[in-house]
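Trainee: Pasting a structure here, questions to come.
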DNA sequence: GTCTATACTGTGATAGAC
DNA sequence: GTCTATCACAGTATAGAC
């Protein structure tokens, strides 16, 4: 792997572990056994590393959300949600100190907001599709509030699990998926509701 | 007001506005038109200011949660939630960069975790009380998942509103209360559910 | 209690040799 | 491309006069 890519991967790992503001360029260089000067040969500054990592995250998430084939099966929704959670976990440093991070990098904050907005719209679309298919029963108002809660829970679950249960790895991802699904559960047809219950027990 | 108290109040305001890591002791002193030396006469270091502010937050929240009179009325729950949200808003800097903050101050992180745990237990108790009174219908498992979602939403609503809608003040607090109530809504008796709908329209 | 001046430290970033 | 050396600056904290 080229040095430039190694810098990015090492930065991502350290940012996720300690939080971006707590990781210095010297630490990144040390971890890779290269000199700080070498790091600054490949990147103008620390912000450039951050922006590149954000672009990775952004593209990956956009690719996921651009799928327009919304299946009505509970399993498929579970899988889709799991992919979303994996993306979040992979770039969790973006989610854990948002005010600090976006306060110092407004453009990144704006792009992040656009992602969240896209997630919210996709969630509404999925709910309305499920409703049209009779799998879900809810008023438009209920769907709007539900979508907001789903996005919020997906966004902050990993932070919450870290503070609350001290989890570090990806062990708690399945519980996150379950928590989101349990937001939808009361609006589901009995059949899908039971199916969800079974899946929940299998995964937790 | 004594200088010591003015330091605390000024710090709180600045921490909430810019995030604790982005506020320097020099800024705090400047804002108050005192010298940095004077600030360090009253506090050994920046951490001591943080710890004192956290203690304020902690006591206020504990006072709220120690109420053991759980009314079944939707209005009372709305009011109680509003008080919780006001406490969160008042010390919102604690909620906005948790990983960074608690990474550098583990003891504070532990105490914060205890507060969240207490909130979760109180939420479960309220739900079970409502269930016993027939206002709410849900299995134990549903209540556990619901409580976790309620605490998570309450914890992160203000951060989410800031990122998503750019809100700064307390204007979005009512919507936060509404979002939490909408988590409970599907489990409520029709009567309370309608009442909630009416209240939601009045407040939003 | 409050001020001014200053020391110390860590971090981001650059210059120039190899 | 990579290294060593070094700068510049910001932020924390202290010393000592008033």
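Protein chains in written order, with the numbering used here: chain A, 1051 to 1254; chain B, 1051 to 1254. Cβ coordinates follow ideal geometry from the N, Cα and C atoms, glycine included. Model, not experiment: these values are computed from the prediction.
In angstroms with no decimal places, state the Cα-to-Cα distance between residue 1216/A and residue 1167/B.
Mentor: Spanning the two alpha carbons is a distance of roughly 13 Å.
Trainee: Are residue 1137/A and residue 1110/A closer than 7 Å when you measure CB to CB?
Mentor: Result yes, Cβ atoms of residue 1137/A and residue 1110/A sit closer than 7 Å.
Trainee: In chain A, which residues lie with their C-beta within 9 Å of the C-beta of residue 1166/B?
Mentor: Those within 9 Å of residue 1166/B in chain A are 1210, 1213, 1214.
Trainee: Return the bridge partner residues of residue 1186/A from the DSSP annotation.
Mentor: BP columns for residue 1186/A point to 1238/A.
Trainee: On the CB-based measure, 16 or more other CB atoms within 10 Å of its CB, does residue 1112/B come out buried or exposed?
Mentor: Label assigned to residue 1112/B: exposed.
Trainee: Would you check if the distance between the CB atom of residue 1150/A and the CB atom of residue 1071/B is smaller than 7 Å?
Mentor: Contact: yes.
Trainee: For residue 1148/A, which three-state DSSP category applies?
Mentor: Residue 1148/A falls in the helix class under three-state DSSP.
Trainee: Just verifying my parser: in three-state terms, what is the DSSP assignment at residue 1084/A?
Mentor: Coil.
Trainee: Beta carbon of residue 1107/B, beta carbon of residue 1141/B: below 7 Å?
Mentor: In this structure, residue 1141/B lies closer than 7 Å to residue 1107/B by Cβ.
Trainee: Among 1205/A, 1249/A, 1221/A, which has the Cα closest to the Cα of residue 1162/A?
Mentor: Nearest C-alpha to residue 1162/A: 1205/A.
Trainee: Please report the residue range of the alpha helix (DSSP H) in which residue 1068/A lies.
Mentor: Its alpha helix (DSSP H) spans residues 1053-1068.
Trainee: Just curious, the alpha helix (DSSP H) that residue 1139/B is in, first and last residue?
Mentor: Element bounds for residue 1139/B: 1124-1140.
Trainee: Taking 7 Å as the CB-CB cut-off, is residue 1224/B touching chain A?
Mentor: Chain A contact via Cβ: absent.
Trainee: Any residues in the region 1095-1122 of chain B with a beta carbon nearer than 7 Å to a beta carbon of chain A? Which ones, in chain order?
Mentor: Cβ contacts with chain A: none found.
Trainee: Consider the Cβ of residue 1178/A: report whether some Cβ of chain B lies at a distance smaller than 7 Å.
Mentor: With 7 Å as the cut-off, residue 1178/A does not count as an interface residue toward chain B.
Trainee: What residues in its chain sit with their C-beta under 6 Å from that of residue 1124/B, if we drop five residues either side in the sequence?
Mentor: Correct list, in chain order: 1242, 1245, 1246.
Trainee: What do you get for residue 1078/B, buried or exposed, if any count of 16 or more other CB atoms within 10 angstroms of its CB means buried?
Mentor: Buried: at least 16 other Cβ atoms inside 10 Å.
Trainee: What is the residue span of the alpha helix (DSSP H) that residue 1115/A lies within?
Mentor: That run of the alpha helix (DSSP H) goes 1096-1115.
Trainee: Are there 16 or more other CB atoms within 10 angstroms of the CB of residue 1248/B, so buried, or fewer, so exposed?
Mentor: Burial call: exposed.
Trainee: Using Cβ-Cβ distances below 7 Å, what residues of the region 1221-1254 of chain B are close to chain A?
Mentor: Here the close residues are 1229, 1232, 1233, 1236, 1237.
Trainee: Can you say whether residue 1250/B is buried or exposed, counting buried as having 16 or more other CB atoms within 10 angstroms of its CB?
Mentor: Label assigned to residue 1250/B: buried.
Trainee: Could you tell me the distance, in whole angstroms, from the CA atom of residue 1154/B to the CA atom of residue 1219/A?
Mentor: Those two C-alpha atoms are separated by around 20 Å.
Trainee: Can you tell me the Cα-Cα spacing of residue 1100/A and residue 1178/A, whole angstroms?
Mentor: Taking the straight line from one Cα to the other gives about 36 Å.
Trainee: Quick one: which chain B residues come within Cβ less than 8 Å of residue 1068/A?
Mentor: Per Cβ cutoff of 8 Å: 1153.
Trainee: Closest Cβ-Cβ distance between residue 1206/A and chain B: below 7 Å?
Mentor: By this cut-off, residue 1206/A is an interface position.
Trainee: Between residue 1229/A and residue 1181/B, which are expected to be in contact by the criterion C-beta below 8 Å, what is the C-beta distance as a whole number of angstroms?
Mentor: Actually they are not in contact, since the Cβ atoms of residue 1229/A and residue 1181/B sit about 20 Å apart, beyond 8 Å.
Trainee: Examine chain B for any beta-carbon lying closer than 7 Å to the beta-carbon of residue 1148/A, and answer yes or no.
Mentor: Closer than 7 Å to some Cβ of chain B, the Cβ of residue 1148/A qualifies, so yes.
Trainee: How would you call residue 1211/A, buried or exposed, if buried means at least 16 neighbouring beta carbons within 10 angstroms?
Mentor: The residue in question, residue 1211/A, is buried, as its Cβ has 16 or more Cβ neighbours within 10 Å.
Trainee: How many angstroms separate the CA atom of residue 1076/A from the CA atom of residue 1058/A?
Mentor: Cα to Cα, residue 1076/A sits roughly 14 Å from residue 1058/A.
Trainee: Check whether the Cβ atoms of residue 1139/A and residue 1208/A lie closer than 7 Å to each other.
Mentor: Yes, they are a contact pair.
Trainee: Please report the distance separating the alpha-carbon of residue 1223/A from that of residue 1069/B.
Mentor: Distance between the alpha carbons of residue 1223/A and residue 1069/B: 28 Å.
Trainee: Helix, strand or coil: how does DSSP classify residue 1194/A here?
Mentor: Residue 1194/A falls in the helix class under three-state DSSP.
Trainee: As a quick exercise: from 1090/B, 1086/B, 1227/B, pick the residue whose alpha carbon is nearest that of residue 1133/B.
Mentor: Cα-wise, what sits closest to residue 1133/B is 1227/B.
Trainee: Just to confirm my understanding: we take residue 1088/B, look at its own chain, exclude 5 residues before and 5 after, and list those with CB closer than 8 Å. What are they?
Mentor: Within the same chain, residue 1088/B has close Cβ partners 1053, 1079.
Trainee: Could you check whether the Cβ of residue 1071/B sits closer than 7 Å to any Cβ belonging to chain A?
Mentor: Yes, contact with chain A.
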